[in-house]
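Residue numbers for the sequence shown follow this note's numbering, so the first one is 795 and each next one is one higher. Accompanying notes for the structure given below.
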Amino acid sequence: MKSFCYSFFIFNLKHEEANKRLRAVKVAIIGTINLDIIVSKQGKRTESLGGILYNILSLSEIGKDFVKVFPITYIGSDIKERFLKILKRYPNISVRGIYENRWGTNINLLEYINDNKRRETTTFFTEEIKYKMIEPFLSSDILLFNFIAGYDVSLETLKMVRRNSKSTIFLDVHSLVLKKKKGERVFYPIKNWKDWVKNIDIIQMNTKELLFFTGIPPRTEKIDREIVKKTIKLLLTKSLNIVLVTSGEEGVYLGYRDDVYFFEQKYKSVVKDTTGCGDIFSSSFLVKYLVSKDPFISCEYANNVSGMSTRDTGIKKCSSTRFFKINIKY
């Protein structure tokens, strides 16, 4: 495993990006919106809209008019106006793929035990996202599937998307490895993970999700780096282009072209709330990758942005991306 520091790239990167001429891109985000109730380890309670909203807002903040964002989701009638009011601030967000759900919005109680461990209890109201909802957006440059509810999209729907679209398909595993047990959400292994992997190009998850996703639940709370590296290499043998595995305040692993690289986290001194940081990581990575076509530079950038975002609570953290602007000309 290789550890990299890319500070020496900064001058060349700025020069390279300043001279690029790029066309605007379309990113469709498929997943669920939550009403999050976040309880910090100190007991402070914060209510915030969440789920794929973190992706929607951070993509919009970072990409500006270079990225057109198309959320494909349900929104409950109970918070529809509140949700749309937030989106109206961003001219690069389309609401064409948003469907109203009269039963309500999923409510997610997140109780933090420490900075990286939490208990999660969800009350579900929304349905699975169907293929016909995704079909109008199959020509997007990126199709980002983010599993928030866990049942957001079926494997059959993903297969249909893969057959009918030439888009780059990015899967954020997240709640795909969670199921409901007595109200609380618990981890469980995925038996057919190879079927999921063969229909995507890029995959993202944290270290715990990585092991449950590949059907080998961790035996201890502390996950050995060599096991992580070995599992990432296993995924790379299944035709994936890029594997991204976040490791909390430690940093992030990048699997690319048969090898694994590790990027240390620089911004870990003050952690208020890690909710949504994985989503901000994926958004940051995608925009940088669309500009640079370099997974190493993109991973370093996303690691910095997501690390800085822990200093804010709820969707406020999406504005943390202002510290890491990308100079885009197209």
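Where a beta carbon is used, it is the ideal one built from N, C-alpha and C, also for glycine. It should be emphasised that the depicted structure is a prediction, and the values quoted were computed from it without experimental measurement.
- Our two residues, G1042 and F877, have alpha carbons roughly 29 angstroms apart in a direct line.
- Beta-bridge pairing by DSSP links M999 to V1039.
- Distance check between N1000 and each of V1046, R913, T1014 and L972 places V1046 closest, using alpha-carbon atoms only.
- DSSP places F939 in the strand class (E or B) of the three-state scheme.
- Here the alpha carbon of K1060 sits roughly 11 angstroms from the alpha carbon of Y1095.
- Going by beta carbons, R979 and T916 fall inside the 8 angstroms limit.
- If you ignore the 5 residues before and after W990, its C-beta comes within less than 6 angstroms of no other C-beta in its own chain.
- Counting along the chain, the unbroken alpha helix (DSSP H) around N1098 starts and ends at P1089 to S1103.
- Note that the C-beta distance between D830 and T1068 is not below 8 angstroms.
- Relative to the Cα of V1022, the nearest Cα in the group N1035, L1034 and F1007 belongs to F1007.
- In the structure shown, the three-state DSSP call for N900 is strand.
- When secondary structure is reduced to three states using DSSP, E841 falls in the strand class.
- Judged by DSSP secondary structure, F860 falls outside any beta strand (DSSP E); it is assigned neither H nor E.
- The C-beta separation of S1077 from N849 comes to about 5 angstroms, placing the pair in contact by the 8 angstroms criterion.
- A straight-line Cα-Cα distance of about 18 angstroms links Y1083 and G1101.
- Between I928 and the set L970, F864 and T840, the nearest pair of CA atoms involves F864.
- Residue environment analysis places N958 among the exposed positions, since fewer than 16 neighbouring C-beta atoms fall within 10 angstroms of its C-beta.
- DSSP links T867 through a beta bridge to I892.
- In the DSSP assignment, L965 forms a beta bridge with F939 and I997.
- Looking from the CA of G870, the closest CA among K879, T899, K820 and G845 belongs to T899.
- Secondary-structure assignment with DSSP links F1057 through a beta bridge to V1046.
- Note on N986: under 16 other CB atoms within 10 angstroms of its CB, so exposed under the neighbour-count rule.
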